[in-house]
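Residue numbers (the numbering used here): 6 to 341.
This is the structure in structure tokens:
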């Protein structure tokens, strides 16, 4: 329903920081709008922390769908004062269920916690002031709504940085096997990278255990140009630096000025192994044919000069022959 959006983990991995959609994801019911653009699946016992914008409300509406064969799965709702709100009623709205939870008194909640009693998918949360009919839609994390007009603009607060380090890697013999690993629901790009670039390691699956370090301050892009990227890394355990630029032949890498292998990471990107502590990683575009450009350029200039000289020589020859003929004719006339 609404916008067709890839899984959250792919948006995070590809550094997708902003999303623009129209309002087809809004569901209206009894003059209250519910933003169903996003969905948050919760397993039994799992919680979801929501941080609404300041708004004094008397009730909280939750739009959701049960997972599996459960007939009823209304979540428990806990306000920031620790009080569990009572359900004021549940009704069907389109293909979802809508439950309203009432506050004991008008409240401006700083946070709301939803706890799933059974597996469910949360689709929308709206604060409602039943005294006036006013309401405020609450955007499900990790998204933050920046604009709501003819379109909606959201910010992804969970987007991964362009370069980060993970402590676990699994190997795949080819892209088809790598894609199968990536599609596994348990795959988390924040913790694990699928490598297909190292032939030696591709002979069998392997896992490198290390400390996951995905904080932006642990990797810092020092310089970035079309043909050279320098990254400062500081991690407590060895791992893999993942640069979410396209994997492409001709790129080389060094770690502290020592040549390092670039491995195909998650099919699309580049990765190199990095040691614990501080290190400097440099990616440079230096294909094997790169030095030949200078030779080819010099040869082209030489051929051009040679062609120019030959052309000038040919163009001058008829003029010289004509001049010698005119001189000879003049002398013959004078002798006569």
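No residue lacks a Cβ here, since even glycine has one placed at the ideal position from N, Cα and C.
For residue 134, the beta-bridge partners assigned by DSSP are 139. By the Cβ-count criterion, residue 245 is buried, with 16 or more other Cβ atoms from all chains shown falling within 10 Å of its own Cβ.
Here DSSP, grouped into helix, strand and coil, assigns residue 239 to strand. Note that the C-beta distance between residue 249 and residue 274 is below 8 Å. Taking residue 251 as reference, the option from 276, 128, 237, 242 with the minimal CA-CA separation is 276. Boundaries of the beta strand (DSSP E) around residue 38: 37–40.
The Cβ neighbour count for residue 149, taken over all protein chains shown within 10 Å, is under 16; the residue is labelled exposed. Assigned with DSSP and collapsed to three states, residue 315 falls in helix. The stretch 108–125 and the stretch 8–27 do not touch, with fewer than 3 CB-CB distances between them shorter than 8 Å. The Cβ atoms of residue 23 and residue 142 lie no closer than 8 Å to each other. In the three-state reduction of the DSSP assignment, residue 86 falls in the coil class, being assigned neither a helical nor a strand state. By the C-beta density criterion, residue 247 is buried, having at least 16 other C-beta atoms within 10 angstroms.
Look at residue 45 here: in three-state DSSP terms it is strand.
Our two residues, residue 168 and residue 182, have alpha carbons roughly 24 Å apart in a direct line. CA-CA distance, residue 49 to residue 124, rounds to 5 Å.
The distance from the Cβ of residue 65 to that of residue 41 is about 16 Å, inconsistent with a contact at the 8 Å cut-off. One alpha carbon belongs to residue 28, the other to residue 286, and they sit about 44 Å apart. Here residue 263 is exposed, its C-beta having fewer than 16 other C-beta atoms within 10 Å. Exposure of residue 304 is indicated by the presence of fewer than 16 other C-beta atoms within 10 angstroms of its C-beta. Around the beta carbon of residue 105, 16 or more other beta carbons sit within 10 angstroms, so the residue counts as buried. The Cβ atoms of residue 258 and residue 272 do not sit closer than 8 Å to each other.
Taking the Cα of residue 161 as reference, the smallest distance to any Cα among 269, 101, 75, 146 is reached at 146. Using a 10 angstroms sphere on the CB of residue 80, the tally of other CB atoms reaches 16 or more, which defines it as buried. Scanning its chain for C-beta atoms nearer than 8 Å, with the 5 sequence neighbours on each side dropped, one finds around residue 292 the residues 254, 255, in chain order.
Spanning the alpha carbons of residue 232 and residue 32 requires a straight line of approximately 48 Å.
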